[in-house]
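The next block holds one structure in the form of C-alpha cells; read it before the comments.
2 protein chains.
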Amino acid sequence: MASDSLISPISFSKEACLITILDQRFLPQKEVYRELKSISDVIDAIKSLAVRGAPLLGVTGSYAVCIAINESSDFYHLDKLLELLSASRPTAVNLKWAAQRVRKSLGTIWNKEKLLSQAFKIACEIHSEDEQMCRQIGLASRSVIKDNFSILTICNTGYLATGGQGSAFSCFLENMDKNIQVFAMETRPLLQGARLTMYELRKAKIASHLIADSAAAVTMLKKKINIVITGSDRVASNGDAANKIGTFQIAIASKYHNIPFYIACPTSTFDLHINSGNDIPVEERHPEELLTILGNKYPEYSCYNPAFDVTPAELITGYITEKGILNAKQIKSIV
Amino acid sequence: MASDSLISPISFSKEACLITILDQRFLPQKEVYRELKSISDVIDAIKSLAVRGAPLLGVTGSYAVCIAINESSDFYHLDKLLELLSASRPTAVNLKWAAQRVRKSLGTIWNKEKLLSQAFKIACEIHSEDEQMCRQIGLASRSVIKDNFSILTICNTGYLATGGQGSAFSCFLENMDKNIQVFAMETRPLLQGARLTMYELRKAKIASHLIADSAAAVTMLKKKINIVITGSDRVASNGDAANKIGTFQIAIASKYHNIPFYIACPTSTFDLHINSGNDIPVEERHPEELLTILGNKYPEYSCYNPAFDVTPAELITGYITEKGILNAKQIKSIV
C-alpha cells in the first residue's frame, strides 16, 4: 500500500565501505547526497543534523561500525572510534544501542575481511528490522484510521527519521486507500514539519496542508480533525510520552475537542526502567534557535527553549506499535 | 508607574493632513517612520501590517477619516472610501467603529474645512480616550496580579498595538512594582511576540523571556505561570473573544492547568451586535506567510493560515477593561 515514491535517506556500499546520506539540512530546497567515508565524517553529519531522527541514527550507527573497522588497526582503536561516535548525540539512545549490538556480534573474529562481513550483516539486520517495524506500525493503525479522515501531526516521523517508512508517517502511508488528508504543524523552532514532513507527504502524494503550531486547536475545530498521531522519543512505563515540544498542548487540545490522540512508535521506544514522565530528562536547546529573529540575532534576549515536552498518559488514547495498538495499562505486560 | 521609555507608533499632522506611523514590519531591527497621505496608503499600511493592533487600528481609522474627507468630493465618495478602509482588516472591530464614530460626528456640516476640523477633533478625542483607557486597564489589573507573578502572553498588546500604553501590556506596566516576569510567545507566522513584545518589554525594563508558541503548555508547568493575559480583537456579547491565532489553545491549556486566563481590552472591543464567536469573521491570511520556509518559497504547498481564533467564554476567567474586571455575564449590562 505504501507509495513507491520512496525516499532513501541512507545507503551503504560494502565495496567502497562508505555511507551515502541525503543531507537533510538542504531539504526541501535541494536533494544533496553526501558520502561519509570516515568516522569523523559520520560524527560531523550527526552533529550538524545532516542525518537525524532517533531510529535513523541507529541505522547510521550500525553501518558506521563497518567504517570504524576499516579505519582501525585493532579492537582498542575500534572501541575508541565507537565511543566517539556514540558521544556525538548523547540523547539518542538508538545510536549507541545499534553500534553496540554490531560490536558485540563481532565476538572473537580477528580477520578484517570477516569482521567487515559480520558487521555489515548485523547492520543490514538492524536496518531491515527497522523497516519491518515501521511497516507493522502502519498496518496496526488501519483499525483506527477510517475513510476520509483528517489527521493532525507534529514534527517529522517518516523516511527521514527512521530506517523505514516511519512511525506516525507509516500510518499515513498504510491508509492511503482511505482518502485521508494530513495537517502538518510547522514545528518551531527548527521547522521539521514545514521542511521535512511536508516534503515527505508530497513525495508520497498524500493530501497535505501546513499550519502554524498555534493553529492546531482551531484546525481541529474548523478542519474537523478526526485523529491526532505523533511519534515519541521515549515512553515511560506508565505511558507518559516525551516528544517534540508542542505535543503536550495538542494532546490537551485533543482532549478538549474529544479527538483521539495516538502515539505511533516501535516498542523499543518504551523505557520500562522509568516509572513516569517526571524521570524523562528534557533537553533544552541553544537559545540561538529562538533568538535569531528574521535573520537577525538577539543574544541579549532571554528565552526558554525546551526541545521536548512530556504528554501525560491520561491524554493519550493509545500507542500504535509493531505489536498492535496498546493502551497505557498494557505497556508493562506486552512490551 | 508606567515606564517613560515611550514609543509613539502614530501621529497626525493636521496641516499636511497625513498620518506618520512607525513601520512595525522593520522592528526590532530598525525604527522606520512612514507617511500615509491617501486612503490607499492607509489601506496598504494596514494590510501589510506596517500598522496593526486592534486599538491602534481604531486610532488610525479615526485619523484616516480626515484623509478621506480631504480626498473626497461628496459624502457618497467619502462613505465609499470609509467602506474600503473598514474592509481592510475585517476581524478587528475598532477600525470600523472609530471611523464610523468620526463619520457620524460630521452631522450636517458641508464645508470641507469644517468637516476636517470636526473629524480631527473627534479623532484626537478617540486617541486620547484610548490613552486613558489603556492606563485604566492596567490599573484594573492590579487586583489580579500579585507579587512575583509569572505571566504568559501572546502577540503584541503594547504601545505598538494601541493608542496608549497597551491592553495586556498595560497590565504589565502597571504592576512593575511587583517583581513580575513575562513570558512572550513568538506568535508565528509574523512573530509579533518575538519582534514587538520582546522589544516593548525590554524598553520598559520588565523581565522577559521568549518561548516558541508550542512551548506554552510546558512553560505553564515548568515556569509556574500564575496568570495568562492576552488582548482581543473582538469580544461577542456572550464573551467569546477573537484574538491572535494560538490564543484558543493557550486558553485550553490554562484551563487544563487551572491557571486564570484573562482578556485585557477596552470596552470598545465588545461587539454587542453579535451574540457569539460564531458570528465573528476570521480572516485567513496569505499562504506566503507560512510557505516561505527558511527564505525559500513553496507556493505549490497547501496551507491553512487563519490569523485569529475565537476563544469561547467558558475558558475566559474575566475581562480586564477600563471599567474594571468583568465576567461574561456582566458584558451586556456594563458595556
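Line by line, the protein sequences are chains A and B.
Position 61 (the first sequence) corresponds to 60 in numbering that gives the first Met the number 0; numbering is contiguous.
Position 107 (the second sequence) corresponds to 106 in numbering that gives the first Met the number 0; numbering is contiguous.
Using N, Cα and C, we set each Cβ at its ideal position, and we do this for glycine too.
8 angstroms Cβ cutoff, residue i in contact with chain A
{"i": "B/Y32", "result": "no"}
{"i": "B/Y261", "result": "no"}
{"i": "B/D278", "result": "no"}
{"i": "B/S85", "result": "no"}
{"i": "B/L151", "result": "no"}
{"i": "B/R187", "result": "yes"}
{"i": "B/I6", "result": "no"}
{"i": "B/A53", "result": "no"}
{"i": "B/I292", "result": "yes"}
{"i": "B/M132", "result": "no"}
{"i": "B/R100", "result": "no"}
{"i": "B/H285", "result": "no"}
{"i": "B/V41", "result": "no"}
{"i": "B/C170", "result": "no"}
{"i": "B/N237", "result": "no"}
{"i": "B/K222", "result": "yes"}
{"i": "B/I251", "result": "yes"}
{"i": "B/I244", "result": "yes"}
Cβ of residue i within 8 angstroms of any chain B Cβ
{"i": "A/D22", "result": "no"}
{"i": "A/M175", "result": "no"}
{"i": "A/I315", "result": "no"}
{"i": "A/V335", "result": "Residue coverage of chain A in this structure runs from 0 to 334, which leaves residue 335 of chain A outside it and unanswerable."}
{"i": "A/A214", "result": "yes"}
{"i": "A/E282", "result": "no"}
{"i": "A/K135", "result": "Looking at the sequence shown, residue 135 of chain A is not Lys but Gln. By this cut-off, A/Q135 is not an interface position."}
{"i": "A/E211", "result": "For the record, residue 211 of chain A in the displayed sequence is Ala; it is not Glu. True, the Cβ-Cβ gap to chain B drops below 8 angstroms."}
{"i": "A/Q191", "result": "no"}
{"i": "A/E321", "result": "no"}
{"i": "A/F247", "result": "yes"}
{"i": "A/I258", "result": "no"}
{"i": "A/L289", "result": "yes"}
{"i": "A/S231", "result": "no"}
Under the three-state DSSP convention, the category residue i falls into
{"i": "B/H272", "result": "coil"}
{"i": "B/D78", "result": "helix"}
{"i": "B/E34", "result": "strand"}
{"i": "B/I20", "result": "strand"}
{"i": "A/K29", "result": "coil"}
{"i": "B/G230", "result": "coil"}
{"i": "B/T186", "result": "coil"}
{"i": "A/S351", "result": "Nothing can be reported for residue 351 of chain A: it is not among the residues displayed for chain A, which extend from 0 to 334."}
{"i": "A/K177", "result": "helix"}
{"i": "B/K331", "result": "helix"}
{"i": "B/G323", "result": "strand"}
{"i": "A/H285", "result": "coil"}
{"i": "B/A193", "result": "helix"}
{"i": "B/N225", "result": "coil"}
{"i": "B/L84", "result": "helix"}
{"i": "B/S12", "result": "strand"}
{"i": "B/L48", "result": "coil"}
{"i": "A/S2", "result": "In this prediction, A/S2 has a pLDDT of 39, which is less than 50 and means its spatial position is unreliable; nothing more can be read from the coordinates."}
{"i": "A/A241", "result": "strand"}
{"i": "B/A206", "result": "strand"}
Contact check, residue i vs residue j, beta carbons under 8 angstroms
{"i": "B/V41", "j": "B/I66", "result": "yes"}
{"i": "B/I68", "j": "B/L17", "result": "no"}
{"i": "B/A98", "j": "B/I319", "result": "no"}
{"i": "B/Q164", "j": "B/A206", "result": "no"}
{"i": "A/G162", "j": "A/E130", "result": "yes"}
{"i": "B/T268", "j": "B/R233", "result": "yes"}
{"i": "A/V6", "j": "A/V50", "result": "For clarity, residue 6 of chain A is Ile in the given sequence; the question names Val instead. Against a cut-off of 8 angstroms, the Cβ pair of A/V50 and A/I6 comes out as no contact."}
{"i": "A/S104", "j": "A/I121", "result": "yes"}
{"i": "A/R201", "j": "B/I292", "result": "no"}
{"i": "A/C154", "j": "A/Q117", "result": "no"}
{"i": "B/Y303", "j": "A/I333", "result": "no"}
Contact list for residue i against chain D, beta-carbon separation under 7 angstroms
{"i": "A/P305", "result": "No chain D is part of this structure, whose protein chains are labelled A and B."}
- [ ] At 3 residues or longer, and completely inside the segment 87–175 of chain B: list those beta strand (DSSP E) runs for me, N to C.
- [x] 149–152
Task: Within the segment 289–315 of chain B, ranges of the beta strand (DSSP E) (whole runs, at least 3 residues) - done: 307–310
- [ ] Would you check if there are 3 or more beta carbon pairs closer than 8 angstroms linking the segment 310–317 of chain A to the segment 235–248 of chain A?
- [x] Contact holds: three or more Cβ-Cβ distances are below 8 angstroms.
Open item on the list: Whether or not the segment 81–88 of chain B and the segment 249–261 of chain B are in contact is what I'm after, with contact meaning three or more pairs of Cβ atoms, one per stretch, closer than 8 angstroms; do they touch?
Closed with: no
Open item on the list: Could you check whether the segment 225–244 of chain B touches the segment 262–280 of chain B, counting it as contact only if at least three pairs of C-beta atoms, one from each stretch, sit closer than 8 angstroms?
Closed with: yes
Task: Entirely enclosed alpha helix (DSSP H) segments - the segment 243–267 of chain A, minimum 4 residues - done: With a minimum length of 4 residues, the unbroken runs of alpha helix (DSSP H) contained wholly in the segment 243–267 of chain A fall at 246–256.
- [ ] Please confirm if the segment 167–180 of chain A is in contact with the segment 141–157 of chain A, defined as three or more CB-CB distances below 8 angstroms between the two stretches.
- [x] yes
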